[in-house]
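Residue 322 in the numbering used here sits at position 81 of the sequence shown, with consecutive numbering throughout. Ideal Cβ placement from N, Cα and C applies to all residues, glycine included. Predicted model only: the values in this text are computed from it and were never measured. Data first, discussion second: the structure below is written as structure tokens.
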Amino acid sequence: MTLGPRVFKTGIAVTLSLYICLFLNLEPAVFAAVAAVFTIQPSIYRSWRQLLDQVVTNTIGAAVALFSIYFLGDNPIIIGLLMMLVISLSLKMKMESTIPLTLVTVLAIMSAPGNEDIDFILNRFFIILVGIGSALVVNLLIIPPNYKKNYLEKTTSVFQNMSLLLRTAVSNELTETSFQGQSKQLQQDIRKLEDQYKIFDEERAKLSKLKPLDVREIVVFKQMLKTLQQGEEILENIEEHYFQSGASDEEDHFFDRHIEQLIKYHEYLFLKYEGKTRKLEGEYEMNIMKESAAFFERSQDIYMQNKKRKSRLFIVASSIIEYSFYLQRLDQLIDQYYKVRKN
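Here's what the structure looks like:
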């Protein structure tokens with residue numbers, strides 16, 4: 242079992258909030274622990290944004306609970322109606338991520354005896370703030386996220402899985418169970434990678450003054466993602482169309498060979514970005530573009546021979562050609578990135 246940084250930081254935040262409550266003699270400390278769990282976020286900006294949003298919505302929640310206690314009562318029906326009101330207000334303010342903790346705040350205030358006392362309400366509210374603050378401090382100081390490293394590691398992992406699937410898709414070498422399992426994992430990993438890129442780009446946009454990030458490198462990372470997404474599309478097209486096209490053994494070999502060339506080109510681009518290749522600038526790109534042009538012409542010939550039957554095959558070929566253009570674009574962006582760094 243592997244414990245990720247977020248899991249580790251959640252445990253530390255809970256522990257810290259409980260100790261602070263113990264030191265300040267705040268009871269029940271469990272509400273601070275719950276607040277810490279809800280507030281831990283995958284990025285520094287989101288933690289800060291979550292802190293501000295949580296303070297706003299929890300203040301509103303506490304005010305609504307206080308008003309209800311004095312003017313409406315605290316019976317189960319009223320509490321249920323207040324839950325609906327708090328959810329509606331949070332959605333209206335576009336702070337839906339704060340809803341769970343805000344509901345906890347309202348319940349913590351309304352469901353305990355002695356809730357008519359203003360000191361009791363402030364006590365509950367302060368306990369929640371202790372948990373929120375603990376989570377922010379832990380996220381800032383304990384294992385601060387290394388977005389670039391995390392993104393590149395995930396990109397490499399996704400590519401390795403994708404390359405295995407692309408290399409065996411046409412030849413149909415993997416068992417159906419294995420292929421479907423790997424495909425499902427690839428889809429999940431690409432969705433996670435998309436989320437990681439959003440976090441990365443968000444940090445650049447929101448915290449650029451505090452932590453400058455190279456915009457050109459962000460563009461390279463975006464193209465890396467788009468290239469992997471296009472590889473996923475090839476797999477989807479192969480599964481949906483290729484085998485229904487009645488491709489011959491010769492056509493299988495033809496498609497398999499070109500996909501293999503593009504996968505090697507993709508591998509080369511990872512090495513190029515990391516500065517681990519000796520190939521001349523543009524050499525690989527020029528060869529691949531020639532091969533891709535020849536592949537497209539041959540695909541057109543196959544399609545023209547039997548348009549009705551080979552239209553599905555041409556769909557697959559088109560997605561492969563598009564993949565080659567994405568790779569070419571990635572190659573160019575890497576060149577531009579390193580040229581600027583040298584100057």
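Remark: three or more beta-carbon pairs, one from each stretch, lie closer than 8 Å, so the stretch 371–383 and the stretch 248–255 are flagged as touching. Each residue's CA atom was taken as its position, placing TYR438 and LEU466 some 8 Å apart. Between PHE400 and LEU469, the C-beta spacing is below 8 Å. Judged by beta-carbon spacing, SER424 lies within the 8 Å limit of LEU476, meaning their Cβ atoms are closer than that value. Comparing alpha carbon positions, the residue from GLN541, VAL557, ASN547, GLU532 closest to GLN569 is GLU532.
Between ALA277 and CYS262, the C-beta gap is not smaller than 8 Å, which leaves the two residues out of contact.
Between HIS499 and GLN546, the alpha-carbon positions lie close to 20 Å from each other.
If one requires a minimum length of 4 residues, the alpha helix (DSSP H) runs lying completely within the stretch 362–429 are 388–410, in chain order.
Here SER533 carries a helix assignment [DSSP, helix/strand/coil].
Residue burial annotation: ALA488 is buried, with at least 16 other C-beta atoms found within 10 angstroms of its C-beta.
Classified as exposed, HIS494 has fewer than 16 neighbouring CB atoms from the shown chains inside 10 Å of its CB. At least 8 Å separates the beta-carbon of LEU571 from that of GLN428. Around the beta-carbon of GLY302, 16 or more other beta-carbon atoms lie within 10 Å, marking it buried. For TYR483, there is no enclosing alpha helix (DSSP H), as DSSP marks it with neither H nor E. When secondary structure is reduced to three states using DSSP, GLN291 falls in the helix class. Here the C-alpha atom of TYR260 lies approximately 58 Å from the C-alpha atom of GLN502. Non-local beta-carbon contacts of PHE462 in its own chain, meaning distances under 7 Å to residues more than five positions away in sequence, involve TYR392, TYR438, PHE441 in chain order.
Annotated three-state conformation of GLY302 is helix, per DSSP. Taking a 10 Å sphere around the C-beta of ILE383, we find fewer than 16 other C-beta atoms and assign the residue as exposed.
By the Cβ-count criterion, LEU332 is exposed, with fewer than 16 other Cβ atoms from all chains shown falling within 10 Å of its own Cβ. Residues of the same chain with a CB within less than 7 Å of the CB of VAL460, apart from the 5 flanking positions on each side, are LEU574 in chain order.
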